[in-house]
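*Asks:* Pasting a structure below so you can have a look.
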Amino acid sequence: MAAKAYYELLLPLAGFDADLLSGFLHRAGCLGIQESEEGRWTVYLPGNWSSEHIRNLLRGLQRLAPGFDPDAAQFEKLPYRDWNAEWRKHFEPFEAAKNCWIRPPWQALPEGSAGVEIIIDPQMAFGTGHHETTRLMLQSMPQLNLQGKTVLDLGTGSGILAIYAAKLGARQVAAIDNDPEAMINAKHNAALNNVDSIDFRVGDITLVEGKLFDGVLANIQFSVLSDLALQFYHNLAPGGKLLISGILKEEVSRLSYLYKHAGLLEAERFYMKEWAAMLWENR
1 MAAKAYYELL LPLAGFDADL LSGFLHRAGC LGIQESEEGR WTVYLPGNWS SEHIRNLLRG
61 LQRLAPGFDP DAAQFEKLPY RDWNAEWRKH FEPFEAAKNC WIRPPWQALP EGSAGVEIII
121 DPQMAFGTGH HETTRLMLQS MPQLNLQGKT VLDLGTGSGI LAIYAAKLGA RQVAAIDNDP
181 EAMINAKHNA ALNNVDSIDF RVGDITLVEG KLFDGVLANI QFSVLSDLAL QFYHNLAPGG
241 KLLISGILKE EVSRLSYLYK HAGLLEAERF YMKEWAAMLW ENR
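The opening position of the sequence shown corresponds to residue 1 in our numbering, with each subsequent residue numbered one higher.
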């Protein structure tokens, strides 16, 4: 099979809200971002994107940053680059949430580190714990009191949340993702952490239709979350808790309306930069 090419997109974005724009680009599906001191961004995009797809991305950037000129952007298609090798070079152990440390398998934690250790073999597309939404989930999960509980992790990616749930004492974790490659990475990470209480499955939430869970985790896009309120309600056991992220601050009120009308009770909101997480209960 031929190696996939990719697009390199050069953007003059000096003076704009870096957190807002990088969040938008990552949610749109970019492979990586590099920022120069001069405010010129290099953005890497999948090689199968059409020219219209790229133009739509530029128009989206212009809506977020009205002073941005899409015509000033430059892009070209380049040969395949080993993103995992590039990403690995810069992946150091770090504390993703209080007493929750993430490290690659080839590095030890800093001396004196305390708390739960999660080993992640980084695959750039599937989550390493660096993004604010993942960190919001990790810092909020202890509030779910998962000891001896059953948990659903929808959109598991690298498996990081499912692994943390298991290490917090969850009795059984169902981890679902619609990407077979993500599932391979997630299973590998679970093995690195000596976790055997996770059932990894490729598919969507219909795989667990009719099943009840004490806790549900979902760090996925707003467009998906907005369609799942009623399904989450039916998957939560009485007294169960739902923790969601992948949403921007301005999307919270819309989700709050949808989830309350599905019968869930909002317990708490958490924020980090422009991102949000929400904790819900089924009472």
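Cβ atoms here follow ideal geometry from the backbone N, Cα and C, with glycine treated the same way. Small disclaimer: the values here were computed from a predicted structure and weren't measured.
1. Can you tell me whether DSSP reads Val252 as helix, strand or coil?
2. Going by DSSP, what residues sit across from Lys241 in a beta bridge?
3. Assess, as a yes-or-no matter, whether the segment 263 to 280 is touched by the segment 241 to 253 under the definition of 3 or more beta carbon pairs within less than 8 Å.
4. Evaluate Pro157 with the Cβ neighbour count: other Cβ atoms within 10 Å of its Cβ, from every protein chain shown; 16 or more gives buried, anything less gives exposed.
5. Tell me where the alpha helix (DSSP H) around Tyr80 begins and ends.
6. Rounded to whole angstroms, what's the CA-CA distance from His53 to Glu95? Just pull it up for me.
7. Going by alpha carbons, who is nearest to Leu243 out of Val116, Gln143, Val208?
8. Report yes if the CB atom of Trp106 is closer than 8 Å to the CB atom of Pro93, and no otherwise.
9. For Arg59, count neighbouring C-beta atoms within 10 Å of its own C-beta (all shown protein chains included) and say buried if the count is 16 or more, exposed if not.
10. Find the nearest neighbour of Leu13 within the set Gly29, Ala73, Gly148, judged by alpha-carbon distance.
11. So what does DSSP say about Lys149, is it helix, strand or coil?
12. Could you check which residue in Asp196, Gly47, Gln139 has the C-alpha nearest to that of Lys98?
13. Among all the DSSP beta bridges, which residues are the ones paired with Met272?
14. What are the boundary residues of the alpha helix (DSSP H) that Gln231 is part of?
15. Under a three-way DSSP split, which group does Ala2 fall into?
16. I'd like the ranges of any alpha helix (DSSP H) spanning at least 4 consecutive residues and lying wholly in the segment 138 to 215.
17. With three or more beta-carbon pairs closer than 8 Å as the criterion, would you say the segment 165 to 177 touches the segment 231 to 241?
18. How would you call Arg254, buried or exposed, if buried means at least 16 neighbouring beta carbons within 10 angstroms?
*Replies:* Let me spell this out:
1. Along the sequence shown, one-based indexing puts residue 252 at 252. Residue state, collapsed to three classes: helix.
2. By 1-based counting over the sequence shown, the position of residue 241 is 241. Lys241 pairs with Gly215, Glu281.
3. Contact check between the segment 241 to 253 and the segment 263 to 280: three or more CB pairs, one atom from each, fall below 8 Å, which counts as touching.
4. Taking the first residue of the sequence shown as 1, we reach residue 157 at position 157. The residue asked about is misnamed: residue 157 is Gly in this sequence, not Pro. The residue is buried, with at least 16 neighbouring Cβ atoms inside 10 Å.
5. Taking the first residue of the sequence shown as position 1, residue 80 is located at position 80. Following the DSSP letters along the chain, one finds Tyr80 in no alpha helix (DSSP H), marked with neither H nor E.
6. Within the sequence shown, the letter at position 53 stands for residue 53. Within the sequence shown, the letter at position 95 stands for residue 95. Approximately 36 Å between the Cα atoms of the pair.
7. Reading the sequence shown from its first residue, position 243 is the one you call residue 243. Leu243 has its Cα closest to that of Gln143, out of Val116, Gln143, Val208.
8. Mapped onto the sequence shown, residue 106 falls at position 106. Mapped onto the sequence shown, residue 93 falls at position 93. One thing to note: Trp106 has its Cβ no nearer than 8 Å to the Cβ of Pro93.
9. Numbered from its first residue, the sequence shown carries residue 59 at position 59. Looking at its Cβ environment, which holds fewer than 16 other Cβ atoms inside 10 Å, Arg59 is exposed.
10. If you number the sequence shown from 1, residue 13 lands on position 13. Taking only the C-alpha atoms, the option nearest Leu13 is Ala73.
11. Here residue 149 refers to the residue found at position 149 when the sequence shown is read from its first residue. Lys149 falls in the coil class under three-state DSSP.
12. Within the sequence shown, numbered from 1, the residue matching residue 98 stands at position 98. Nearest option by C-alpha distance: Gln139.
13. In the sequence shown, the residue the question calls residue 272 occupies position 272. Answer is Trp275.
14. Here residue 231 refers to the residue found at position 231 of the sequence shown. 229 to 235 is the span of the alpha helix (DSSP H), which, as asked, contains Gln231.
15. Here residue 2 corresponds to residue number 2 of the sequence shown, with the count starting at 1. Low per-residue confidence applies at Ala2: pLDDT is 46, beneath 50, and the placement is therefore not dependable enough to give any value.
16. 160 to 167, 180 to 192
17. no
18. Translated into positions along the sequence shown, residue 254 becomes position 254. Looking at its Cβ environment, which holds fewer than 16 other Cβ atoms inside 10 Å, Arg254 is exposed.
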